[in-house]
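All remarks here apply to the structure that follows.
Protein chains in written order, with the numbering used here: chain A, 75 to 333; chain B, 75 to 333; chain C, 75 to 333.
Structure below.
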């Protein structure tokens, strides 16, 4: 099972690779679960500053769920509920990762593959990559947590357009729809992704973590407690904040320690 | 009154036509009501898979409410409340239609005409079509359900820009603002709309209906019940789901029965 | 302190100018407070129909908070809480201004400067203007009301991209991200802003005020009361409404009195 997913760390940037290149990195039930386990472990890793999620090879990020498994793993209500639970835990684990995340997208990024990518903070893709959620062609539907995530990213009207038409479309249309952060030439995808990861990892860690946390918290309509509200000011006591504004005034590069 | 609105069915696609071409399809109180009645009836029709809403002729979808009626039908608070109730029921009937809906837009699509179009799931328009909500030029305002629908589609800032400036603008700007799904050459509007309707109607009916239902339900901040949450998995027991994934594995076209 | 901020009125359009050109209009604590005071006073001014907010000179709207003050004014939790309270009151005063507001943006519009601009109803900028919120470079974070406002404008994913990458980018990217309403040639910024202000000021005042009020109210998930819901119809009793639809039918320009 270890071969299904690769995890590499280089300095403070981790890379998670969906590793079923012979299946274009289709998501088997085991692979869905493995991605969730990996993201939870990386979230707890204090040395990580940014996580890149990608598919093995250049042909595909992922075409989504491995449909050849459905006859044995997702053929009725009870199996669909279990399968959905695994998917949703994994999607939540990406969304809730304390560190910023980037989906590196080459080639096919469709269905559950696109859903995975949508849980990352940024999505950087090559010009020839392809997108869509053509699940009404096979009678599948997105459960509530999935359609909620898609609506959060592209709005209700665009989410419904994608689901009702079930088209597969190119990178330019994906950008226009708000599905991807940016489109770069195919040959520059890795370079651009790791330049962005480097830039993010060089920011003050508490700034990135609190911005992610606050943006996620605001998905919940429950009013903020006084303690939650104050968290934005508490960071003024952090060493990295003191270092940050002083370095700015002294016109030097700050040296953030993560505390 | 029947002449006000035309309803045609061709196979599983229904077309609803605002039919006051001599008035550019301006929405009289009677026409507002007739659209709502038609959409409710079509929603209940089990043979329909997609509904197209259009204006008669090529000059206009609709310029909005028929203002020449206001002196007799909307001249004070009580009349405005009744008039608004009819508008809002019709807007809700389009939004809540179980079948996917497409607004086919040629020419003028302004004010209440644009509001009608915005309740459809997709909006496909010709290059020379024109948009806007210039109601502050005549002292009219959008009631809460109307401005809520506009904000849902284009966001709060763009909704206010449209309402505060009261400009009428072209198709490219409407696309950029998120008001329309796509812009096509004028001569191809019908072809593109019915190709999209065909594509949508060929999807599994329960996928389209549940995606619409779920996207609408998420407008309500009330937490989902366990039963609602499970509805996404219950469809795994549907015949069309079984047919769908098996046809995919067997590399053949699925034959959906709507059950 | 009066020199910090200039307030001019020409007919029914007011202009508020951040006036620290030697500091590129950086927002000192005193300037944050002065903007809030000015916007509250203008909101109460019955003769005003539109407010333009700008920076002195052509080099900058504002680069944000004056960081050279942080050592004395924002060096710990308690100071950050007080400083944040002033910022948030000012941001609220712009958002809640009864009259439509336009940010006129030339040059640098970054950090707290961009946050100020984002509270206006429209943002019109020159082609060479620059945007971004590179606060993770100095360990600062956006408190909840700030990140909430940014998400309301550009969505959660784009807000996080801006905050996590901390890049400074140009006007075209700002438009694409939904940060600005429109981009015009540098030499036409003033002309375009005042043409828009004139257009807005010529609309029925109650239409503009109620549209702003309704759009703001909908940020609050609390259900509308019956009285609130009816406010959209009550305006049918206003003189300006009667004047508006009659002028339209009589094909003449309406003469709005603001009542």
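Backbone N, C-alpha and C fix where the C-beta goes; we use that ideal spot for every residue, glycine too.
| Per-residue contacts from residue 239 (chain B) into chain C (C-beta, under 7 angstroms) | 270, 273, 274, listed in chain order.
| query | When the cut-off is 7 angstroms and only beta carbons count, does residue 94 (chain A) lie next to chain B? | reply | For residue 94 (chain A), the nearest beta carbon of chain B is not closer than 7 angstroms to its own beta carbon.
| said: Taking the alpha carbon of residue 330 (chain A) as the reference point, which residue from A:279, A:295, A:289, A:324 has its own alpha carbon closest? | reply: Nearest of A:279, A:295, A:289, A:324 to residue 330 (chain A), Cα basis: A:279.
| field | Where residue 174 (chain C) meets chain B, residues with beta-carbon distance less than 7 angstroms | value | The answer, in chain order, is 238.
| query | For the region 196-203 of chain C against the region 241-257 of chain C, are there 3 or more C-beta pairs whose distance is under 8 angstroms? | reply | A contact exists between the region 196-203 of chain C and the region 241-257 of chain C.
| message | Which runs of the alpha helix (DSSP H) at least 4 residues long sit entirely within the region 149-232 of chain B? Give them in chain order. | response | Correct list: 151-169, 186-193, 218-228.
| query | Residues in its own chain within less than 7 angstroms of residue 351 (chain B) by CB, not counting five upstream and five downstream? | reply | Given that chain B is displayed from residue 75 to residue 333, the structure contains no residue 351 (chain B) and the question cannot be resolved.
| Any chain A beta carbon closer than 7 angstroms to residue 235 (chain C) | True, the Cβ-Cβ gap to chain A drops below 7 angstroms.
| said: Using the Cβ count rule (16 or more neighbours within 10 Å means buried), how would you classify residue 211 (chain A)? | reply: Buried is the call here.
| message | Determine whether the beta carbon atoms of residue 123 (chain B) and residue 86 (chain B) lie at a separation below 7 angstroms. | response | Yes; because the gap between Cβ atoms is below 7 angstroms, this pair is in contact.
| query | If residue 158 (chain C) and residue 306 (chain A) are in contact, beta carbons under 8 angstroms, what's the gap, nearest whole angstrom? | reply | That pair is a contact at about 7 angstroms.
| said: Three Cβ pairs or more, each shorter than 8 angstroms: is that satisfied between the region 288-305 of chain A and the region 213-220 of chain C? | reply: Per the Cβ contact rule, the region 288-305 of chain A is in contact with the region 213-220 of chain C (3 or more Cβ pairs under 8 angstroms).
| Would you say residue 189 (chain C) faces chain A, with C-beta separation under 7 angstroms as the test? | It does not; no Cβ of chain A falls within 7 angstroms.
| said: Please tell me whether residue 242 (chain C) and residue 204 (chain C) are closer than 7 angstroms, where the distance is taken between their beta carbons. | reply: At a Cβ-Cβ threshold of 7 angstroms, residue 242 (chain C) and residue 204 (chain C) count as neighbours.
| Out of curiosity, what's the CA-to-CA distance linking residue 275 (chain B) and residue 145 (chain A)? | Distance between the alpha carbons of residue 275 (chain B) and residue 145 (chain A): 26 angstroms.
| query | With distances taken from CA atoms, which of A:160, A:173, A:113, A:93 is nearest residue 137 (chain A)? | reply | Nearest option by C-alpha distance: A:93.
| What does residue 310 (chain C) reach in chain A if we use C-beta pairs closer than 9 angstroms? | Correct list: empty, because the minimum Cβ distance to chain A is about 30 angstroms.
| task | For my contact list, residue 109 (chain C) and residue 178 (chain C) are in at a C-beta cut-off of 8 angstroms; report their separation, rounded to the angstrom. | result | Cβ atoms of residue 109 (chain C) and residue 178 (chain C) stay farther apart than 8 angstroms, at about 14 angstroms.
| query | Between which two residues does the alpha helix (DSSP H) carrying residue 16 (chain C) extend? | reply | The shown model of chain C, from 75 to 333, leaves out residue 16 (chain C), and the question about it has no answer.
| Burial state of residue 294 (chain A) (16 or more Cβ within 10 Å) | Answer is exposed; the Cβ neighbour count stays below 16.
| query | For residue 51 (chain A), which of helix, strand or coil comes out of DSSP? | reply | Because residue 51 (chain A) is not part of the residues shown, which for chain A are 75 to 333, the question remains open.
| Buried or exposed: where does residue 313 (chain B) fall if 16 or more other Cβ atoms within 10 Å of its Cβ makes it buried? | Around the Cβ of residue 313 (chain B), a 10 Å sphere holds fewer than 16 other Cβ atoms; the residue is exposed.
| said: Given this structure, state the Cα-to-Cα distance separating residue 89 (chain A) from residue 127 (chain A), to the nearest angstrom. | reply: Each residue's Cα considered, the two are about 6 angstroms apart.
| field | Three-state class that DSSP yields for residue 136 (chain B) in the structure shown | value | Per DSSP, reduced to three states, the secondary structure at residue 136 (chain B) is strand.
| residue 142 (chain A) in three-state terms, based on DSSP | In the three-state scheme derived from DSSP, where H, G and I count as helix and E and B as strand, residue 142 (chain A) is classed as helix.
| Is DSSP giving residue 100 (chain B) helix, strand or coil here? | Here residue 100 (chain B) sits in coil by DSSP.
| message | Using C-beta distances below 7 angstroms, list every residue in its chain close to residue 153 (chain B), excluding the 5 sequence neighbours before and after it, in chain order. | response | These residues qualify, in order along the chain: 147.
| query | Who are the neighbours of residue 210 (chain C) on chain A, taking C-beta pairs under 7 angstroms? | reply | Here the neighbours are 277, 278, 281, 282.
| query | Who are the near neighbours of residue 283 (chain C) in its chain, counting only those whose CB is closer than 7 angstroms to its CB and skipping five residues on each side? | reply | Excluding residues within five positions, the ones whose Cβ falls inside 7 angstroms are 172.
| field | Candidates A:292, A:309, A:131, A:185: closest to residue 231 (chain C) by CA position | value | Minimum Cα distance to residue 231 (chain C) is reached at A:292.
| task | Express the C-alpha separation of residue 316 (chain C) and residue 149 (chain B) in angstroms, rounding to a whole number. | result | Residue 149 (chain B) and residue 316 (chain C): Cα-Cα distance of roughly 7 angstroms.
| Taking the alpha-carbon positions, what's the residue 287 (chain C) to residue 132 (chain A) distance? | Roughly 51 angstroms between the two C-alpha positions.
| query | Where does residue 327 (chain C) land, buried or exposed, given buried means 16+ other C-beta within 10 angstroms? | reply | By the neighbour-count rule (16 or more Cβ atoms within 10 Å), residue 327 (chain C) is not buried but exposed.
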